[in-house]
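Residue numbers (full-length UniProt numbering): 1 to 244. Okay, structure first, notes after.
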Amino acid sequence: MSHAETRRKERLEEVRKFAEDNNIPVQNIQLLNTALTHTSYANEHKGEVIHDNERLEFLGDAVLDLVVGEYLFLRFPTWPEGNLTRAKASAVCKPACAECAAKFHIGDYMRLGRGEEMSGGRTRVSILGDAFEAVIGAIYLDNNYEVAARFILGHLKKYLDLIDEGNYDHDYKTDLQELVQKHKEADIRYEVVRDEGPDHDKTIWMKITINGKDFGTGMGKNKKEAAQKAAREAISRLQKGAQI
């Protein structure tokens, strides 16, 4: 057996252990392996047939939206659309997905390029959140909707419980201000970096910086929503050890 074949076998055993440790039913181990492969790794191994997790992330994001949307629709039959939308956004945001991923150590099993590895990619909110969605996509394809839904609702229980308690329409900008106020020189700034769509249906991307350093982005239907999501991501990064 060649070195490459040996390494491939070892890698699949690592992924199988990840699945077993986290009670993920697996029929096609390669799907889960792809879900744990960042684009930076695939780019560094272009001579090999390696697929990154971006397509699975796309699918997983859609399944995640449907599962949580269905849960909220059935759980709160009297809520108007606006409440449902805000509640769903609080549960499926990148920091929430990243926190779920971190709890079952998804970063330890990611295949990353050397640059991402050196820059702390295994704990980066965006990479962990994307990987969580990619794993959902793999579970959905490898099993069925019901299995994926159980996985999602189990891991998002903390956030769904907060919604049950009414704690979903939170002011993360104020929370962030309070978190960084101990730093006398903390300068928080929000900047619209992109917008798309007509005025009646616009999507806005907001970037947040603290003392000139990027601390995240948020996307929303207006500046307020985008800023809240950016602030939430910044809080998550600070809680994970990012320095101002």
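The beta-carbon is built from N, C-alpha and C at its ideal position, and this holds for glycine as well.
Setting aside the 5 residues that flank it on each side, P95 is surrounded in the same chain by V125, G129, R232, E233, I235 and S236, each with a C-beta closer than 8 Å to its C-beta; the list follows chain order. Taking the C-beta atoms as reference points, H38 is found nearer than 8 Å to G121. Membership of D171 in any alpha helix (DSSP H) is not indicated, and neither H nor E is assigned to it by DSSP.
Only residues of its own chain outside the window of five on either side were considered, and among them V15, F18, N53, I106, Y109, M110, R111, A131, A134 and V135 have a CB closer than 8 Å to the CB of L36, listed in chain order. Counted as a single uninterrupted DSSP element, the alpha helix (DSSP H) harbouring K157 occupies residues K157 to D164. Cβ contact annotation for A102 (same chain, cutoff 7 Å, sequence separation greater than five): L128, in chain order. Taking a cut-off of 8 Å on C-beta distances, the region 171-182 does not touch the region 194-207, as fewer than three cross pairs fall below it. Here I24 carries a coil assignment [DSSP, helix/strand/coil]. Per DSSP, T78 lies in no beta strand (DSSP E) and is assigned neither H nor E.
Counting along the chain, no beta strand (DSSP E) covers I106, and no H or E run does either. Exclusion of the five residues before and after E191 leaves K207 as the residues of its chain whose Cβ lies within less than 6 Å of its Cβ. With respect to the 8 Å criterion, I244 and I204 are not classified as neighbours on the basis of their beta carbons. In the structure shown, R7 falls within a helical segment according to DSSP collapsed to helix, strand and coil. Shown here, E196 sits in a strand according to DSSP, grouped into three states.
The C-alpha of A98 is placed about 25 Å away from the C-alpha of Q27. K213 is bridged by DSSP to I210. Secondary structure at R16: helix, using DSSP grouped into helix, strand and coil. For S119, there is no enclosing alpha helix (DSSP H), as DSSP marks it with neither H nor E.
K229 is a Cβ neighbour of G218, given a cutoff of 8 Å. Distance from the CA atom of L176 to the CA atom of Y168, rounded to whole angstroms, is 16 Å. Burial is judged here by how many other beta carbons sit within 10 angstroms of a residue's own beta carbon; H200 has fewer than 16 and is exposed. Around L12, the same chain offers I29, Q30 and N33 as residues with beta carbons nearer than 8 Å, after the five sequence neighbours per side are excluded. Following the DSSP letters along the chain, one finds K223 inside the alpha helix (DSSP H) bounded by residues K223 to Q239.
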